[in-house]
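Chemist:
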Amino acid sequence: MSDVMDTLDRLDAETLTGLAARIEEIMQRKARDCGPDGEKGACAKAARPVRPCHTRMLRIPDEVKHLSPAQAQAMEESFRTWRDAATRPEVRRSRCRVLAVFLLLRHTGARLGEVLSLNERTDLDLDQGVVRFHGSQSENGQASGQASGQTPGQSPDQSPGRGRRRKAGNAEGDDGEGAARSRETALPAYVAREIAAIVEDPSALSLRGRFLALDQGFVRRKFYERGREVGLPTELANPRVLRNTRAVELLREGAPLAVVQSILGHSTASLTAAYVDYAARDLRHLIHYYMNKGSMMKTSARNTFFGTVQAVRKGAIISEIVLSTTGGFEIVSVITNESADKLGLVEGKAVVAMVKAPWIILVKDPDAPKTSARNRLLGTVRRVNQGSISAEIVLEVEDGTEVCALVTDESVRKLALSPGDAVWAMFKAFSVILAVEGAEN
52 MSDVMDTLDR LDAETLTGLA ARIEEIMQRK ARDCGPDGEK GACAKAARPV
102 RPCHTRMLRI PDEVKHLSPA QAQAMEESFR TWRDAATRPE VRRSRCRVLA
152 VFLLLRHTGA RLGEVLSLNE RTDLDLDQGV VRFHGSQSEN GQASGQASGQ
202 TPGQSPDQSP GRGRRRKAGN AEGDDGEGAA RSRETALPAY VAREIAAIVE
252 DPSALSLRGR FLALDQGFVR RKFYERGREV GLPTELANPR VLRNTRAVEL
302 LREGAPLAVV QSILGHSTAS LTAAYVDYAA RDLRHLIHYY MNKGSMMKTS
352 ARNTFFGTVQ AVRKGAIISE IVLSTTGGFE IVSVITNESA DKLGLVEGKA
402 VVAMVKAPWI ILVKDPDAPK TSARNRLLGT VRRVNQGSIS AEIVLEVEDG
452 TEVCALVTDE SVRKLALSPG DAVWAMFKAF SVILAVEGAE N
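In short: position in the sequence shown from 1, add 51, done, that's our numbering.
1. What does a CB cutoff of less than 7 Å around glutamate 381 pick up in its chain, not counting 5 residues either side in sequence?
2. What distance in whole Å lies between the Cβ atoms of glycine 430 and glutamate 447, which are believed to be in contact at a cut-off of 8 Å?
3. By DSSP, does phenylalanine 274 sit in helix, in strand, or in coil?
4. Taking contact to mean 3 or more Cβ pairs, one atom from each stretch, closer than 8 Å, check whether the segment 357-368 and the segment 396-407 are in contact.
5. Taking all protein chains shown into account, do 16 or more other C-beta atoms lie within 10 angstroms of the C-beta of alanine 456, making it buried, or fewer, making it exposed?
6. Tell me the rounded alpha-carbon separation between glutamine 209 and glutamine 122.
7. Between threonine 459 and glycine 451, what straight-line distance do the alpha-carbon atoms span, to the nearest angstrom?
8. Do you know whose CA, among Glu371, Lys393, Glu165 and Asp392, lies nearest valine 383's CA?
9. Does the distance from the CB of leucine 238 to the CB of glycine 180 come in under 8 Å?
10. Which residues does DSSP list as the beta-bridge partners of asparagine 128?
11. Using the Cβ count rule (16 or more neighbours within 10 Å means buried), how would you classify glutamate 171?
12. Please report the straight-line C-alpha distance between proline 307 and isoleucine 111, rounded to a whole angstrom.
13. Is it true that the CB of arginine 232 sits closer than 8 Å to the CB of serine 129?
14. Which word fits arginine 279, buried or exposed, when buried means at least 16 other C-beta atoms lie within 10 angstroms of its C-beta?
15. Do arginine 427 and lysine 479 have their C-beta atoms within less than 8 Å of each other?
16. Quickly, what does DSSP pair alanine 476 with across the bridge? List them, please.
17. I believe alanine 137 touches arginine 146 by the beta-carbon criterion, under 8 Å. Please report the beta-carbon distance rounded to the nearest angstrom.
18. What would DSSP say about glutamate 171, mapped onto helix, strand or coil?
19. Quick check on this structure: which residue in Pro253, Glu286 and Leu315 has the alpha carbon closest to the alpha carbon of arginine 272?
20. What residues match up with aspartate 176 in a beta bridge as DSSP calls it?
21. So what's isoleucine 249 in DSSP terms, helix, strand or just coil?
22. Bridge partners for glycine 358 per DSSP, in chain order?
23. Based on the DSSP secondary-structure assignment, which residues constitute the bridge partners of glutamate 286?
24. Can a CB atom of chain C be found closer than 8 Å to the CB of glycine 471?
25. Using only alpha-carbon positions, find the residue among Gln437, Met405 and Ala151 that is nearest to valine 483.
26. Quick check on DSSP: helix, strand or coil for threonine 452?
27. Would you please state the rounded distance, in angstroms, between the beta carbons of tryptophan 475 and aspartate 392? I believe it to be under 8 Å.
28. On the CB-based measure, 16 or more other CB atoms within 10 Å of its CB, does asparagine 436 come out buried or exposed?
29. According to DSSP, what are the bridge partners of asparagine 436?
30. Taking the beta strand (DSSP E) that serine 384 falls in, what are its first and last residues?
31. Give me the DSSP bridge partner(s) of lysine 365.
32. Please report the distance separating the alpha-carbon of leucine 301 from that of valine 310.
Rendered as structure tokens:
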């Protein structure tokens, strides 16, 4: 056990987060899988879908360039090392200013223009670890928080002729996101303490209120230089990538999209959603789980399909209901007219179809079998859990949905079922139970 703990201690935060999510899924799956006796398997229990870990499923689009935790940490340390290497007081002060800008960008996800517009005396509450951003420009072209008439001098690290800067208060930026929103953002305690030590140093008194007002081009060059020192290409060593990095970290930590939108100051949720992507199969899994979670129904039926009504055909006594599942399958149910009316079944209505495991018939045939059963799903055997009398067969169909069948041990032997086999799961229309949210079962 000590070896395991030592190994875990060497892993970075991102890897540990993914590992924890994976362990949680494994534990939940083991809890629901059937035991040594087939009759006490998962098919006999109430349906309890494993909660998918959306943060583990999250994929970042290729166009969203961001740093790994190790890269971001290396970049941060390179700025501190660079600051500590200064031999003259005025050079150290200049480098402290750049370090403060980096820390604010790194831990707030703000735009460069927003950070350079901050008044460290009025916009930073470092005792509480809060940064106040004032959003878009005011009518006179200056951002809120920029002192009127301020003209910061040339930094000791700047080359001659580069003392003039772009307007630091341009919150519009050049990232295509439009105007930023006013907001408050929290800083980690250690970052707030470090910035406080920088801005409260006696050497910073002459720049009171404009300590962060640096030239954007100068700041970007220092980013490129520090990036090269830690082996980062130019396209990854810039303020925009830090903004992306913070957004990715928040999303992977499970922060709701609306929270990330607020922290970044996005004007619309669609801008924040650009950071999020899921594989088609993972997205179907999430839809399946949360539709099930939203339903208040409790049922012993292991097989549950979510979809919408595509057609309703009524006879004198019974109705045929055709629904299309979220996975694209068609399922047919036959119920009484009274039940159809009670459920309010009409085209387009969301509905849940349930089939108990003993009602599933398995056919091992490479071709679609000829049968009177209206519902047929082709799947792949994932698990065969055998008991003393019966066995639980779990199939995975094309969209990733699991279908459970409860059959006799003799049937398993005759069909020679084993994981990886292609098998048809069939069930009659009369075996399909329909339910809608809010209806009495």
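Positions of the beta carbon are idealized from the N, C-alpha and C atoms, including for glycine.
Modeler: On the basis of the supplied data:
1. Taken in chain order, the residues that qualify are Val373 and Ser375.
2. Contact check for glutamate 447 and glycine 430: beta-carbon distance about 6 Å, within the 8 Å limit, so the pair qualifies.
3. In the three-state reduction of the DSSP assignment, phenylalanine 274 falls in the helix class, which pools H, G and I.
4. The segment 357-368 vs the segment 396-407: in contact.
5. Buried: at least 16 other Cβ atoms inside 10 Å.
6. Interpretation of glutamine 209 is limited by its pLDDT of 46, a score under 50 that renders its predicted location unreliable; no figure is taken from the coordinates.
7. About 25 Å.
8. Ranked by Cα distance from valine 383, the options Glu371, Lys393, Glu165 and Asp392 are led by Glu371.
9. Taking 8 Å as the cut-off, the Cβ atoms of leucine 238 and glycine 180 count as close.
10. For clarity, residue 128 is glutamate in the given sequence; the question names asparagine instead. In the DSSP output, where bridge partners are listed per residue, glutamate 128 has none listed.
11. With 16 or more Cβ atoms within 10 Å of its Cβ, glutamate 171 is classed as buried.
12. Rounded to whole angstroms, proline 307 to isoleucine 111 spans 16 Å at the Cα level.
13. No. Outside cutoff.
14. It counts as exposed.
15. No, the Cβ-Cβ distance between arginine 427 and lysine 479 is not below 8 Å.
16. Looking at the DSSP assignment, alanine 476 forms a beta bridge with Leu413 and Leu428.
17. With 8 Å as the limit, alanine 137 and arginine 146 qualify as a contact, their Cβ atoms being about 5 Å apart.
18. The three-state reading of DSSP puts glutamate 171 in coil, since its state is none of H, G, I, E or B.
19. Cα-wise, what sits closest to arginine 272 is Glu286.
20. Note: aspartate 176 sits in a beta bridge opposite Val181.
21. Taken through DSSP and simplified to helix, strand or coil, isoleucine 249 comes out as helix.
22. Answer is Thr376 and Val402, bridged to glycine 358.
23. Glutamate 286 pairs with nothing; no bridge assigned.
24. The structure shown contains no chain C, having only a single protein chain.
25. The shortest Cα separation from valine 483 among Gln437, Met405 and Ala151 belongs to Met405.
26. Coil at threonine 452, not helix or strand.
27. Incorrect: roughly 33 Å between the Cβ atoms, too far for contact.
28. The residue in question, asparagine 436, is buried, as its Cβ has 16 or more Cβ neighbours within 10 Å.
29. DSSP lists Glu443 as partners of asparagine 436.
30. Start and end: 381-387.
31. Under DSSP, lysine 365 forms a beta bridge with Ser370.
32. Going by C-alpha positions, leucine 301 is about 9 Å away from valine 310.
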